[in-house]
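A short worksheet on the structure shown next.
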Amino acid sequence: MKISQTISWTDRRPAPTVVSMALATRTDRRPSMTRTLWDSTVGKKTIMAVTGLIMLGYLVAHMVGNLKIFFGPGEFDGYAHWLRTMGEPILHYEWALWIVRVGLVAAVVLHGISAYQLSRRDIRARPAKYVHKRRRASYATRTMRWGGIILALFIVWHILDLTTGTVHTSFEAGHPYQNVIDTFSTWYGNVIYITAVLAMGLHVQHGFWSAAQTLGVGNATRDRVLKTLANALAAVLTLGFVSVPVAVMTGVVS
Amino acid sequence: MPDYAHYATGEPVVDTKAPEGPVAERWDTRRFQAKLVNPANRRKHTVIVVGTGLAGGSAGATLAEQGYHVVQFCFQDSPRRAHSVAAQGGINAAKNYRNDGDSIHRLFYDTVKGGDFRARESNVHRLAQISVEIIDQCVAQGVPFAREYGGLLDNRSFGGVQVSRTFYARGQTGQQLLLGAYQALSRQIATGGVELHARTEMLDLIVVDGKARGIVARDLVTGKIDTYFADAVVLATGGYGNVFYLSTNAMNSNATAIWRAHRRGAYFANPCFTQIHPTCIPRTGDHQSKLTLMSESLRNDGRIWVPKAKGDDRPANLIPEDERDYYLERIYPAFGNLVPRDIASRAAKNVCDEGRGVGPGGQGVYLDFAEAIGRMGRKAVEAKYGNLFDMYQRITDEDPYTVPMRIYPAVHYTMGGLWVDYDLSTTIPGLFAIGEANFSDHGANRLGASALMQGLADGYFVLPSTINDYLARNPHTEKVDAEHPAVAEVVAETEDRINLLLSVDGDRTPDSFHREIGELMWEYCGMARTEDGLRKALARIPEIREEFWRRIKVPGTGEQFNQSLEKANRIVDYLELAELMCLDALHRAESCGGHFRAESQTPDGEAERRDEEFSYAAAWEFTATGGAPVLHKEDLVFEYVHPTQRSYA
Amino acid sequence: MKLTLRVWRQQNPETPGAMATYEVDNISADMSFLEMLDTLNEELTLAGDEPVAFDHDCREGICGACSLVINGDAHGPERTTTCQLHMRSFADGDTIDIEPWRASAFPVIKDLVVDRSSFDRIIQSGGYISAATGTAPDAHATPVPKPDADFAFEHAECIGCGACVAACPNGSAMLFTSAKVNHLNVLPQGAPERETRVLDMVAQMDEEGFGGCTLTGECATACPKGIPLPSIAAMNKEWLRATRKVRR
Chain A
5 MKISQTISWT DRRPAPTVVS MALATRTDRR PSMTRTLWDS TVGKKTIMAV TGLIMLGYLV
65 AHMVGNLKIF FGPGEFDGYA HWLRTMGEPI LHYEWALWIV RVGLVAAVVL HGISAYQLSR
125 RDIRARPAKY VHKRRRASYA TRTMRWGGII LALFIVWHIL DLTTGTVHTS FEAGHPYQNV
185 IDTFSTWYGN VIYITAVLAM GLHVQHGFWS AAQTLGVGNA TRDRVLKTLA NALAAVLTLG
245 FVSVPVAVMT GVVS
Chain B
685 MPDYAHYATG EPVVDTKAPE GPVAERWDTR RFQAKLVNPA NRRKHTVIVV GTGLAGGSAG
745 ATLAEQGYHV VQFCFQDSPR RAHSVAAQGG INAAKNYRND GDSIHRLFYD TVKGGDFRAR
805 ESNVHRLAQI SVEIIDQCVA QGVPFAREYG GLLDNRSFGG VQVSRTFYAR GQTGQQLLLG
865 AYQALSRQIA TGGVELHART EMLDLIVVDG KARGIVARDL VTGKIDTYFA DAVVLATGGY
925 GNVFYLSTNA MNSNATAIWR AHRRGAYFAN PCFTQIHPTC IPRTGDHQSK LTLMSESLRN
985 DGRIWVPKAK GDDRPANLIP EDERDYYLER IYPAFGNLVP RDIASRAAKN VCDEGRGVGP
1045 GGQGVYLDFA EAIGRMGRKA VEAKYGNLFD MYQRITDEDP YTVPMRIYPA VHYTMGGLWV
1105 DYDLSTTIPG LFAIGEANFS DHGANRLGAS ALMQGLADGY FVLPSTINDY LARNPHTEKV
1165 DAEHPAVAEV VAETEDRINL LLSVDGDRTP DSFHREIGEL MWEYCGMART EDGLRKALAR
1225 IPEIREEFWR RIKVPGTGEQ FNQSLEKANR IVDYLELAEL MCLDALHRAE SCGGHFRAES
1285 QTPDGEAERR DEEFSYAAAW EFTATGGAPV LHKEDLVFEY VHPTQRSYA
Chain C
115 MKLTLRVWRQ QNPETPGAMA TYEVDNISAD MSFLEMLDTL NEELTLAGDE PVAFDHDCRE
175 GICGACSLVI NGDAHGPERT TTCQLHMRSF ADGDTIDIEP WRASAFPVIK DLVVDRSSFD
235 RIIQSGGYIS AATGTAPDAH ATPVPKPDAD FAFEHAECIG CGACVAACPN GSAMLFTSAK
295 VNHLNVLPQG APERETRVLD MVAQMDEEGF GGCTLTGECA TACPKGIPLP SIAAMNKEWL
355 RATRKVRR
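Protein chains in written order, with the numbering used here: chain A, 5 to 258; chain B, 685 to 1333; chain C, 115 to 362.
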């Protein structure tokens, strides 16, 4: 049903068509839950929150795995091998890993498409800027979009570097320990990686808290707990990930 | 009868619709007598409602719920901004939830007495009866009234009564009630039952064959002047307090709709009955554009005082307790700080006239919360009045938790308005007036928290019952359109007035004229009126009017958004209305309620009514601008509440 | 005090606007911001220029009509409405930038006046409780726990001024919409329409072209009535609940 445009002078601009189902058509069939989620800004944010949390869970596991590098090549490479055999004998070799990969790709794609569509919408909603500029919101909030783009580019490089070895200078399949040390022995490898990890930290700091709000977990009393948790997660992940290139650069790991 | 020159006396008016019989049964009787419109036929009737405040919003929503086609107007950008939104303190209802002896009859009695015996008993009793249903209705709509820990509604006390019957939502009761009505209206806009025209201002009334058939309105954005037709027109356009320039009314509240209706034949009743509210923030300088009210509810806990000595200019906290005069508690021990508004205002004026006023120019008295903070703790005071204290601090830059507030009376409400019968119909058939725009329920003084009650009673319950009768008896089969000669004439007059305003191109701004007429009215037709002063004002107003049409400057054109033009056009009507107010004040040579004639007071300075001569409502008929109007008297009959000198001592 | 004002002037929705510079003198610290603009407009009128158009009405901070972005802040530097902002918040010699609300859902009508009817349409889509006049039970029939009543009131305080949208870098109306959803959804009276209300109001909000929420918190900082940021989370929760519960 369309809510009538009752104010005559707004006729000059195209009237918003209204998707509301108030009153008379209230008993009509409503669209499916998936449709409702995908069509609404709140729904898209929910998709971003859920996919973001999936990726965040993965990051925590990934970071913990990375730290195995401090226990030497044996343990690190062994862990890498286990990732391929996990789920056996129920699952075939590497199946579990592929399931995780497919899930992650789906999460990244949904997160990215939602972010792109929402950003386009946001920019359209505020076409004119204020003449009087002033600093707004926190650094993490303002860097969400750029941070997201940096992370997307980084993921591509990261996979080509350490998963497929396409852009790696001396990649050897099955020897992740050596591959990692080689990557962090180049200046650009460190710069790219550390930049991306910092962007990830900021992204997680606002993203985690933001996801909690979107999923309706946040309220006035829980706000401090959520903010502290977001800061702690961001700090632990950043430190955990950065520790590897720093260890390689300082020779702690070689 | 003394000769007051410029008016003639016509036939008395009688309210033909109020039934006989016991007062408690009259409303039921009238509702049963009224003809009804078949539900299937209602959508064929169009009703125009002008204004979207408590009265207009609730009427529009309810009429649409009944099935009528409603066309509604507001000059604001949204119906939610009507000035009812600013009412602070609360709404009365005879629920007796406090078990403190309240009843419908007591609310009826308090209101008739509070109005200084210048209101109709039938109307006031109906108002008291309906008050109970209003609270039920608002709660069902989700109005978040204050509640106690048990989950039930809280009450507080207001001026002029000794029971706690006022329901409230912190200091924003008007806002919450208005949003309730606005939401009900919004629901009807969504269904198509109400066609809303926002930013559209009524400029004149269309009367065809003696019946109200539509309005002329200007789209404030495009400047287009258009006609709208209906089977009945309801004016819910509020009061005319802005004639005083400085008042607690919103900047754009105006008298144009009711004044234009008056010029087309609707009688205007008791125009001189204006309410001066005792607790407003004093003005700070000539730049002042409006005055801000501090809710009457503050008088529940605040104590009003001035220094005992004249010209004592020590800061409040340095004046010892025994050198303070809590004058309301002293003069009126039974009601203390909660005497009715007219009495509190006049007492404040008296102490200031004695030279005991405080603050700049000695135009203020203290409203002190030190004792309340000591008794209840700062936290409790904050919870009850926090938003009012914040507002006071923002405006004055003083902290009312540590320094007593300074307050002074200001124009707040107009009891007068279009004359209506028991059905709320004006003297033009098909034209109804509801809320503050009519005159019927408050007599010469309105009690606190009664305006919201009356607006909603009229809009939700009274008008939707009584308008049926008119529509059923007047099935307009003949169509009226823009081609009709009577319509073309009104449109032409409106356009001429707008064009004239734009073409004078003088050297004075609209505001300068508004300020001038306002100051004149405050001086001579304000808190205390004298024959001398009123005659001076009556001599001066035509001069200002003449000067206005010679020197007004309105930049821009009529075919655009033009706020100067809106203002100037409203002032045209103030300049005529002011004259009628002064004339009414002059002819009513008695004091009653908000109308205080210095010549008519008791030896101890209280208002003295003269019932044998003035126990009537004065309904004025328009003849010509500056011409002598005709006075029609409606005698007031008191069968239940017998007039006595009001005593709050 | 003496001030330099840079004000957005725009003749009508179709004509592009620009900032214009004016000097005003003899401004008292006790004046409200709008009274300062009144002073400017009196001078402009006498000079034969068109006065600056701006929305205002009650001047008590409750009607929600006034709507100016002052030095980049919606309603200016204090947490209040423009009409309750006083000139004591500024210093002699200051330059003040005054702009209209900016959002594509709030098109400019003239100068500083914008069209906020999109807010009305959001309310029309479901921001009410369907209780036709005369159908109500006794007011005490349904007690409301005090914390719920207070929560409802806190959100019902919204004045619909649009500062939240003006301050939001995305032009999002989430704070406005959530205030009404939370007000009505927490009350027992609002329960029967709880799901449809939030779904329809959010859908209408999107339809009007408001942006999405990125939780920057600018809205709650600008809100003169202090509607808190967690309102948005509370509405999200209602919305998610409704997508699961609504009867299809």
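Beta carbons: idealized from backbone N, C-alpha and C, even for Gly.
The beta strand (DSSP E) enclosing residue i, as first and last residue numbers
| i | result |
| --- | --- |
| Trp1304/B | Tyr1300 to Glu1305 |
| Leu237/A | Element bounds for Leu237/A: not the beta strand (DSSP E) but the alpha helix (DSSP H), Asp227 to Thr254. |
| Leu862/B | Counting along the chain, Leu862/B falls outside any beta strand (DSSP E), though it belongs to the alpha helix (DSSP H) covering Thr857 to Thr875. |
| Gly898/B | Lys895 to Asp903 |
| His881/B | Val878 to His881 |
| Trp150/A | Run containing Trp150/A: none in the beta strand (DSSP E); it sits in the alpha helix (DSSP H), Met148 to His162. |
Contact set for residue i: own chain, Cβ-Cβ below 6 angstroms, skip 5 residues either direction
| i | result |
| --- | --- |
| Gly274/C | Gly178 and Phe233 |
| Ala287/C | Val279, Met319 and Phe324 |
| Asp1107/B | Lys701 and Thr1150 |
| Phe1197/B | Phe1232 and Ile1255 |
| Ile11/A | Only weak support is given to the placement of Ile11/A: the predicted model assigns it a pLDDT of 35, under 50, and the value that follows is read from those uncertain coordinates. Same-chain partners within the cutoff: there are none. |
| Asp377/C | Residue 377/C cannot be examined here, being either before or after the span of chain C that is shown, 115 to 362. |
| Arg30/A | For Arg30/A, the predicted model reports a pLDDT of 48, less than 50, meaning its position is unreliable; a value from the coordinates is still stated below. None. |
| Met238/A | Note that residue 238/A is Ala in the sequence shown, not Met. Closer than 6 angstroms at the Cβ level, and outside the excluded window around Ala238/A, lie Gly205, Val208 and Gln209. |
| Thr256/C | Pro302 |
Residue burial classification, residue i (beta-carbon count within 10 angstroms, cutoff 16)
| i | result |
| --- | --- |
| His200/C | buried |
| Gly922/B | buried |
| His85/A | exposed |
| Asn926/B | buried |
| Val46/A | buried |
| Arg192/A | For clarity, residue 192/A is Tyr in the given sequence; the question names Arg instead. The residue is exposed, with fewer than 16 neighbouring Cβ atoms inside 10 Å. |
| Phe716/B | exposed |
Terminal residues of the alpha helix (DSSP H) in which residue i lies
| i | result |
| --- | --- |
| Glu321/C | Arg308 to Glu321 |
| Asp1081/B | Note, Asp1081/B: premise wrong, no alpha helix (DSSP H); not H, not E. |
| Asp1006/B | Asp1006/B -> no alpha helix (DSSP H), and no H or E assigned at all. |
| His961/B | Here His961/B belongs to no alpha helix (DSSP H); instead the beta strand (DSSP E) covers Thr958 to Cys964. |
CA nearest to the CA of residue i, picked from the options
| i | options | result |
| --- | --- | --- |
| Cys272/C | Glu309/C, His297/C, Ser181/C and Asp187/C | His297/C |
| Gly858/B | Ala1135/B, Gln1329/B and Phe1322/B | Ala1135/B |
| Ala246/C | Arg1229/B, Gly744/B and Ala920/B | Gly744/B |
| Ala1221/B | Phe1306/B, Ser768/B and Leu1270/B | Leu1270/B |
| Cys180/C | His254/C, Val228/C, His170/C and Ala281/C | His170/C |
| Thr422/C | Ala205/C, Pro338/C and Tyr242/C | Absent from the model: residue 422/C. The displayed extent of chain C is 115 to 362, so no value can be given. |
| Ile127/A | Glu128/C, Cys327/C, Ile236/C and Thr135/C | Cys327/C |
| Arg1192/B | Pro1239/B, Leu1147/B, Pro1159/B and Glu1215/B | Pro1239/B |
Sequence-distant residues of the same chain with beta carbon closer than 7 angstroms to residue i, five excluded per side
| i | result |
| --- | --- |
| Ile73/A | Phe80, Tyr181, Val184, Val248 and Val257 |
| Glu176/A | Gln182 and Asn183 |
| Gly798/B | Gly844, Pro1024, Asn1129 and Leu1131 |
| Gly1000/B | First, the residue type needs correcting, since residue 1000/B is Ala and not Gly in the sequence shown. Excluding positions up to five away in sequence, the list reads Tyr1050, Val1087 and Pro1088. |
Own chain, CB closer than 8 angstroms to residue i, minus 5 neighbours either side, in chain order
| i | result |
| --- | --- |
| Asn1253/B | Leu887, Thr940, Arg1181, Ile1182 and Leu1185 |
| Ala266/C | Val258, Asn296, His297, Leu298, Val300 and Leu301 |
| Arg1234/B | Val1188 and Gly1190 |
| Asp800/B | Asp1026, Gly1127, Ala1128, Asn1129, Cys1276, Gly1277, Ala1291, Arg1293 and Arg1330 |
| Ala1121/B | Gly735, Ala739, Leu919, Ala920, Thr921, Gly922, Gly923, Ala941, Ile942, Gly1101 and Leu1102 |
Proximity test, residue i beta-carbon vs the ligand GTP heavy atom, cut-off 8 angstroms
| i | result |
| --- | --- |
| Thr145/A | This structure does not include the ligand GTP; it has no bound ligands of any sort. |
Anything in the segment 213-236 of chain A with a Cβ closer than 8 angstroms to a Cβ of chain C? List those residues in chain order, please. Trp213, Ser214, Ala216, Gln217, Thr218, Leu219, Gly220, Val221, Gly222, Asn223, Ala224 and Asp227
For the segment 155-180 of chain C, which residues have a CB atom closer than 7 angstroms to at least one CB atom of chain B, in sequence order? Glu156, Thr159, Leu160, Gly162, Asp163, Glu164, Pro165, Ala167, Asp169, His170, Asp171, Cys172, Arg173, Glu174, Gly175, Ile176, Cys177, Gly178 and Ala179
Counting only Cβ-Cβ distances shorter than 8 angstroms, please list the residues of the segment 1119-1144 of chain B near chain C, keeping chain order. Tyr1144
Identify each residue in the segment 297-328 of chain C for which the Cβ-Cβ distance to at least one residue of chain B is less than 8 angstroms, and report them in chain order. His297, Leu298, Leu301, Gln303 and Gly304
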